[in-house]
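S.K.:
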Amino acid sequence: MFCKQKHKTRKKPAVNALMADLSDLSDDDLESLLENNVNRSVNQTVTRHRIPVQRDLFMNVLPNQQTFYEETHTDVSYGPTHHQLNEENLDEYIYPTNYEVRQYQYDIVRCALFENVLCAIPTGTGKTFIASTVMLNYYRWTKSSKIIFTAPTRPLVAQQIKACLGITGIPYSDTAILLDKSRKNREEIWQQKRVFFTTPQVVENDLKRGVLNPKDVVLLVIDEAHRARGNYAYVELTKFIDRFNTSYRLLALTATPAADLEGVQEVVNNLHISKIELRTEDSLDVARYMMRRDREMIEIGLIPEIEEVVEQIGIAIAPVLQEAIQLGIYESCEPHQINAFVAMQQSQKIILNPSIPEGLKWKNFFILQLLSQVGHMYRRLRIYGLRAFYNYFQNKYTEFTTKYSMKKSTNKTAANFFYSPILKTVIDKCKRRLEEPEFYSHEKLEYLNNELADFFTMAPSDSRAIIFTELRESALEIVKSIDILNDGALRPHIFIGQAKGKEHFDEETYIRKNKPKGRTKAARLRRIEEENRVEEEKKRQKEQAKLERTGRRTGSSEEAQLSGMNQKQQKKVISDFKKGIYNVLVCTSIGEEGLDIGEVDLIICFDSTSSPIKNIQRMGRTGRKRDGRIVLLFSGNEKFKFEQAMNDYENLQTAITHNALEYTKSDRILPPNVQPKCEEKFIIISNENDEVNKLEDSDEVIKYATQAMLGKLKTKKKEPKPKKTTAKAKKSSDKTFFMPDNVKEGFTSASSLLNKYTINEFGEKISLTPSVSKKAIKPKKEWNMLDEIEYDSVEISPAKSQVEQPSQPHKPTTTQGILTPDETTNHIPSASQGSSVQTDSHTVQEPVLKKLKLAHQIEDPSTSIEYYSGYELVPQYGATDSAQMLTMQEQRHFLKKYVPDTVHWSIAPDLAKSKTRKIRHVPKIEEILNTCQDMHTNTREKIIGMNRTNALARSIGYNRSVGMELEVMLPSIVVPNETITNAKNMTDLLEDEDGLSDFLSD
1 MFCKQKHKTR KKPAVNALMA DLSDLSDDDL ESLLENNVNR SVNQTVTRHR
51 IPVQRDLFMN VLPNQQTFYE ETHTDVSYGP THHQLNEENL DEYIYPTNYE
101 VRQYQYDIVR CALFENVLCA IPTGTGKTFI ASTVMLNYYR WTKSSKIIFT
151 APTRPLVAQQ IKACLGITGI PYSDTAILLD KSRKNREEIW QQKRVFFTTP
201 QVVENDLKRG VLNPKDVVLL VIDEAHRARG NYAYVELTKF IDRFNTSYRL
251 LALTATPAAD LEGVQEVVNN LHISKIELRT EDSLDVARYM MRRDREMIEI
301 GLIPEIEEVV EQIGIAIAPV LQEAIQLGIY ESCEPHQINA FVAMQQSQKI
351 ILNPSIPEGL KWKNFFILQL LSQVGHMYRR LRIYGLRAFY NYFQNKYTEF
401 TTKYSMKKST NKTAANFFYS PILKTVIDKC KRRLEEPEFY SHEKLEYLNN
451 ELADFFTMAP SDSRAIIFTE LRESALEIVK SIDILNDGAL RPHIFIGQAK
501 GKEHFDEETY IRKNKPKGRT KAARLRRIEE ENRVEEEKKR QKEQAKLERT
551 GRRTGSSEEA QLSGMNQKQQ KKVISDFKKG IYNVLVCTSI GEEGLDIGEV
601 DLIICFDSTS SPIKNIQRMG RTGRKRDGRI VLLFSGNEKF KFEQAMNDYE
651 NLQTAITHNA LEYTKSDRIL PPNVQPKCEE KFIIISNEND EVNKLEDSDE
701 VIKYATQAML GKLKTKKKEP KPKKTTAKAK KSSDKTFFMP DNVKEGFTSA
751 SSLLNKYTIN EFGEKISLTP SVSKKAIKPK KEWNMLDEIE YDSVEISPAK
801 SQVEQPSQPH KPTTTQGILT PDETTNHIPS ASQGSSVQTD SHTVQEPVLK
851 KLKLAHQIED PSTSIEYYSG YELVPQYGAT DSAQMLTMQE QRHFLKKYVP
901 DTVHWSIAPD LAKSKTRKIR HVPKIEEILN TCQDMHTNTR EKIIGMNRTN
951 ALARSIGYNR SVGMELEVML PSIVVPNETI TNAKNMTDLL EDEDGLSDFL
1001 SD
């Protein structure tokens, strides 16, 4: 085997122009445009390797074979940073010893100071301490650069404020908290402060508004970095900064980077990570600091009622499943193995397939839709119990039967299922069982109550417990089942998100809206009256139900399940949980991350997921400051899914530690010759900074820190409010567009970005791109076709070029008689030669100029003629003779209209390559142009004036013929009126219009 290498180096192009609006460019285009304007240099080397191929008997390569493959090697290097560094502080970095020194934290801090690090360590092992230490040292190393900590939620931001200010001692005067959407004084805050605690959305918006200069950022800390995927704000934030600044440090914090290797690689690429610092609970340097977590996995069987329902539903859905299998739209399986997710995927494929006829497409879709609904019923039965199943089934049953009875639906497949007699019998049994007060719809509920009772009997009074479940209705059922025990030691409350619960199908409203409506005014009034009556009745029933809920212990949880919990309600529940008013919190996924719920001793997972991230975040809520216990309740195939997810995550951790990822090289920022040494130091915290450590509530932390940063902790004398004025409010500052270094602003034409070439007679490429100096660009000089006619005058030599003789109107010589040529040379001397014009009042001789040279008689110039280009004097070469002279049409015009030996043609400049500008014509040319224009428009005054001049010329010719007794027709010449002197009687004649008419009639 052999290989052939071919090396190619590709450099990304430099910036030629950057417009203010970059929305029409992709991120890759922007990166390639701006690459050379940052301190990062990227060289790509492509190595081409030959691979064995198959050949025929004549040694020809068989078609459709790949003969080589390319291997790309990217080399990234960085230049000096643009940040101003404190030279006196670069020799050391500080490691706070206010808390216990842990070796894994020490190692991660050392690495994170010089590389972009993804810190993936278990929950409760000090990620905020690592971030605070890195922030402290970059605060010391730089003079004015910005340090930004970002987190997705307010509680996480508050945690970092406590850790950073309570550990590092960074003064409040240099810090700022930006959490609200208000833009008041935002630009001023970014300019005056250095350390910021905010959310990624705020930073992204301020960058796009031009309030924050991306070049000022030297450190960006990202919490919950596993979210940096897709179009999340973390991704957009780093992309925007990278366009203008590659000399900044990035520290990403998370407990679980992703669920698979592809997800981790995406996070690494989006955040430009150069190294991952991964630790697990079993890591040697972490295990010694971890609290004990006892994990117990319990498999729970199904009660007889659930097994009966599963069997009867299978009988009812079997015909539909068999039809789907025969149509080939669902795989063959038993009815109780129907999966909702698989059915939904198949239905989407059918809808997106254009080759299927519309009728067949929708028939198959409705079959798969029914199978998906049955799959949801099975899942609710096995994992959550009869009550969750009954509520879901009753809603779907009511919706379909109502529409089918009103003929709004004609789905006979679904009708056969929902109207099945077997199913009706089973549902009636479920309803009767659920009406029993002490009936547990799932065996999990009974085990959960026993576990809680045993735990709080033995645990201290300040113990807390959290129960996790995915469904809201399941969370409310758990709260009610705990309340049935009537145990004063158990005080549960629900904890869910802000969204309202899904409203069930309203049969009465649907019937009223879809029944036939009368067209008369009376029918419309009756309909409106009925709607108002129904709405009032519903409102009364809701108020009555709300009043009844307030009298129950679970009333607050029931109200939250219906309307959701806003931030104020969530804050109150968490506060009551920390105070001990509630000691059992039943949470949905909102409690898994992003909230400072506090220390918990018992975690019960009512259900499990196939996501290792969710499972780890749930279990990470306990065992932080003291030992904890985790109970996992499994039914059906939940245990298998949980174990598979955790095994996959362990394999992922192994792959990460064995360098299975591709990393990005990052800028060191510090000069290469600087090697800081660690100084372990106990940092003295000011009273203001230490006060924040005593606060527990996240909102109180944010409020206190904000007041301290604004200098409002000490009471000040209130200043009188200024009087209201009618002056208009100041206009907001204009949006700032930050540009990379050395970029040329404004618009650039596309033609100027091209390299122009021509091919000479030898086949060689000759560049046509002019050499342009850095002088300011001036407007081009415009040449007019008749500008050079002025050089046909007898007073200026035609041999002088325009560069030698500037365009100036000359004053012709005025004589008493007529112009006379030099008798000896028969040529009127040029004014530039210093000769005087001789006059004779008695005779007039013909002016004779140089003999006319036609186009074919003019020789090619042996030397180049230089023209002024505006930037510098560059040689200009004519391509052909004809390109530098008058056209054939212009030649014929002048030969016909003018005396040949009074006209001289000179080489015209190459207008395409000469810089031109528009100048005023000399008076002679102005008169010619005006005359042509007046003749074109038939101007009466001009025609009369031309007739006067013609009459004068005829009179002069008549006098000459009489005096010489010979009538000679001399060639006519056109001269300006001011050069002609007339006899007094002739002038009087011309001034009299009537006399002129008589004169012309002679």
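If you're matching positions, the sequence shown starts at 1 in full-length UniProt numbering and goes up one per residue. Every residue, glycine too, gets a C-beta built ideally from N, C-alpha and C. None of the values given here were measured: they were computed from a predicted structure.
1. Please classify A459: does DSSP put it in a helix, a strand, or coil?
2. Whose C-beta lies closer than 6 Å to the C-beta of K408 among residues of the same chain, with five residues either side of it excluded?
3. Can you list, in chain order, the residues of its chain with a C-beta nearer than 7 Å to that of K639? Leave out the 5 residues immediately preceding and following it.
4. Short of 8 Å in beta carbon distance, which residues of its chain neighbour R279, apart from the five on each side in sequence? Order them along the chain.
5. Is the stretch 597-613 touching the stretch 459-475, taking contact as three or more C-beta pairs under 8 Å?
6. So the candidates are S441, I350, L370; which of them puts its Cα closest to the Cα of A340?
7. Is A287 helix, strand or coil by DSSP?
8. Is D428 helix, strand or coil by DSSP?
9. Three or more C-beta pairs under 8 Å: does that hold for the stretch 348-367 against the stretch 306-314?
10. Short check: CB of Q567 to CB of I494, under 8 Å?
11. Measuring CB to CB, does N450 end up less than 8 Å from I482?
12. So what does DSSP say about Q44, is it helix, strand or coil?
13. Would you please state the rounded distance, in angstroms, between the beta carbons of S145 and D216? I believe it to be under 8 Å.
14. If you drop the 5 nearest sequence neighbours on each side, which residues of the same chain put their C-beta closer than 6 Å to that of A655?
15. In its own chain, which residues sit with a C-beta less than 6 Å from the C-beta of P335, not counting the 5 before and 5 after it?
16. Using the three-state DSSP reduction, which class does E592 fall into: helix, strand or coil?
17. Of all the options A252, K694, L434, T199, which has the alpha carbon lying nearest to the alpha carbon of I108?
18. Hey, is the stretch 582-591 in contact with the stretch 457-470, meaning 3+ C-beta pairs nearer than 8 Å?
19. From K717 to G711, what does the alpha carbon distance come to, in whole angstroms?
20. Closest to R433 by C-alpha separation, out of L386, F240, Y757, would be which residue?
21. Can you pull the DSSP bridge partners for C932?
22. Can you round the beta-carbon distance between L219 and I303 to whole angstroms, since I take them to be within the 8 Å contact cut?
23. Alpha carbon to alpha carbon, what distance is there between G488 and A453?
24. Mark V53 as exposed unless 16 or more other C-beta atoms lie within 10 angstroms of its C-beta, in which case mark it buried.
25. Cutting at 8 Å between CB atoms, please list the residues of its own chain near Q265, excluding the five before and the five after it.
26. Out of D506, K412, H921, R382, state which residue places its alpha-carbon closest to the alpha-carbon of I338.
27. What's the gap between the Cα of residue 1004 and the Cα of R948?
28. Which class does L525 belong to by DSSP, given the choice of helix, strand or coil?
29. Could you please give the first and the last residue of the uninterrupted alpha helix (DSSP H) stretch that includes R472?
30. Taking three-plus beta-carbon pairs below 8 Å as touching, is the stretch 200-207 in contact with the stretch 232-249?
31. To the nearest angstrom, report how far apart E331 and F366 are at their CA atoms.
32. Please confirm if the stretch 78-93 is in contact with the stretch 676-689, defined as three or more CB-CB distances below 8 Å between the two stretches.
33. Measuring straight from C-alpha to C-alpha, what distance separates P671 and P80?
34. Assign R379 to one of two classes, buried (16 or more other C-beta atoms within 10 Å of its C-beta) or exposed (fewer than that).
35. Tell me the DSSP bridge mates of A252?
36. Go through the stretch 553-609 residue by residue and report every complete run of the beta strand (DSSP E) that reaches 3 residues or more, in order.
M.R.: The relevant details are as follows:
1. Along the sequence shown, read from residue 1 onward, the residue named residue 459 stands at position 459. It is coil, neither helix nor strand.
2. Along the sequence shown, one-based indexing puts residue 408 at 408. Cβ neighbours of K408 beyond the five flanking positions: none.
3. On the sequence shown, residue 639 is found 639 positions in, with the first residue counted as 1. Cβ neighbours of K639 beyond the five flanking positions: M297, E299.
4. Here residue 279 refers to the residue found at position 279 of the sequence shown. Taking R279 as the centre and dropping the five residues before and after it, the same chain places the C-beta of Y104, A120, I121, P122, T125, D285, V286 closer than 8 Å to its C-beta, in chain order.
5. Per the Cβ contact rule, the stretch 597-613 is in contact with the stretch 459-475 (3 or more Cβ pairs under 8 Å).
6. Sequence index remark: in the sequence shown, residue 340 carries index 340 (1-based). Taking A340 as reference, the option from S441, I350, L370 with the minimal CA-CA separation is L370.
7. Position 287 of the sequence shown, counted from the first residue, corresponds to residue 287. Correct three-state label for A287: helix.
8. Along the sequence shown, one-based indexing puts residue 428 at 428. DSSP places D428 in helix when its eight states are reduced to three.
9. The stretch 348-367, when compared against the stretch 306-314, does not touch it at the 8 Å Cβ threshold.
10. As a first step, residue 567 is located in the sequence shown; it is residue number 567 there, counting from the start. As a first step, residue 494 is located in the sequence shown; it is residue number 494 there, counting from the start. Result no, Cβ atoms of Q567 and I494 do not sit closer than 8 Å.
11. Along the sequence shown, one-based indexing puts residue 450 at 450. Along the sequence shown, one-based indexing puts residue 482 at 482. Not in contact: N450 and I482 (Cβ atoms no closer than 8 Å).
12. What you label residue 44 is simply residue 44 of the sequence shown in a count that begins at 1. Under the three-state reduction of DSSP output, Q44 falls in the strand class.
13. Here residue 145 refers to the residue found at position 145 when the sequence shown is read from its first residue. Here residue 216 refers to the residue found at position 216 when the sequence shown is read from its first residue. Their Cβ separation, rounded to whole angstroms, is 6 Å, which keeps S145 and D216 in contact under 8 Å.
14. Along the sequence shown, one-based indexing puts residue 655 at 655. These residues qualify, in order along the chain: L261.
15. Looking up residue 335 in the sequence shown gives position 335. These residues qualify, in order along the chain: G314, I317, A318, L321.
16. Taking the first residue of the sequence shown as 1, we reach residue 592 at position 592. In this structure, E592 counts as coil in the three-state DSSP scheme.
17. Looking up residue 108 in the sequence shown gives position 108. Nearest C-alpha to I108: A252.
18. Three or more Cβ pairs closer than 8 Å define a contact, and the stretch 582-591 meets that threshold against the stretch 457-470.
19. Mapped onto the sequence shown, residue 717 falls at position 717. Mapped onto the sequence shown, residue 711 falls at position 711. Only weak support exists for where K717 lies, its pLDDT of 43 falling under 50; the value from the coordinates is given anyway. Rounded to the nearest angstrom, the two C-alpha atoms are 13 Å apart.
20. Along the sequence shown, read from residue 1 onward, the residue named residue 433 stands at position 433. Of the candidates L386, F240, Y757, the one whose C-alpha sits nearest the C-alpha of R433 is L386.
21. The residue given as residue 932 occupies position 932 in the sequence shown. DSSP output for C932 lists no bridge partner at all.
22. In the sequence shown, counting from the first residue as 1, residue 219 sits at position 219. In the sequence shown, counting from the first residue as 1, residue 303 sits at position 303. No, L219 and I303 are not in contact; Cβ-Cβ is about 57 Å, not under 8 Å.
23. Sequence index remark: in the sequence shown, residue 453 carries index 453 (1-based). Sequence index remark: in the sequence shown, residue 488 carries index 488 (1-based). Using only the alpha carbons, I get a separation of about 10 Å.
24. Walking along the sequence shown from the start, residue 53 turns up at place 53. Classification for V53: exposed.
25. Counting from 1 along the sequence shown, the entry for residue 265 is found at position 265. These residues qualify, in order along the chain: L661, E662.
26. Taking the first residue of the sequence shown as position 1, residue 338 is located at position 338. The residue with the shortest Cα to Cα distance from I338 is R382.
27. Shown here, the chain extends from 1 to 1002; a query on residue 1004 therefore has no answer.
28. As a working mapping, residue 525 is identified with position 525 in the sequence shown. It is helical.
29. One-based indexing of the sequence shown puts residue 472 at position 472. Unbroken alpha helix (DSSP H) run through R472: 472-484.
30. Segments in contact, yes.
31. If you number the sequence shown from 1, residue 331 lands on position 331. If you number the sequence shown from 1, residue 366 lands on position 366. Going by C-alpha positions, E331 is about 16 Å away from F366.
32. Touching, yes, given that three or more Cβ pairs across the two stretches are closer than 8 Å.
33. Along the sequence shown, one-based indexing puts residue 671 at 671. Along the sequence shown, one-based indexing puts residue 80 at 80. Cα-Cα distance, rounded: 7 Å.
34. By 1-based counting over the sequence shown, the position of residue 379 is 379. Flag for R379 reads buried.
35. Walking along the sequence shown from the start, residue 252 turns up at place 252. As computed with DSSP, A252 is found in a beta bridge with L118, I222.
36. Runs of beta strand (DSSP E) with 3 or more residues, each lying fully within the stretch 553-609, are found at 584-587, 602-605, listed in chain order.
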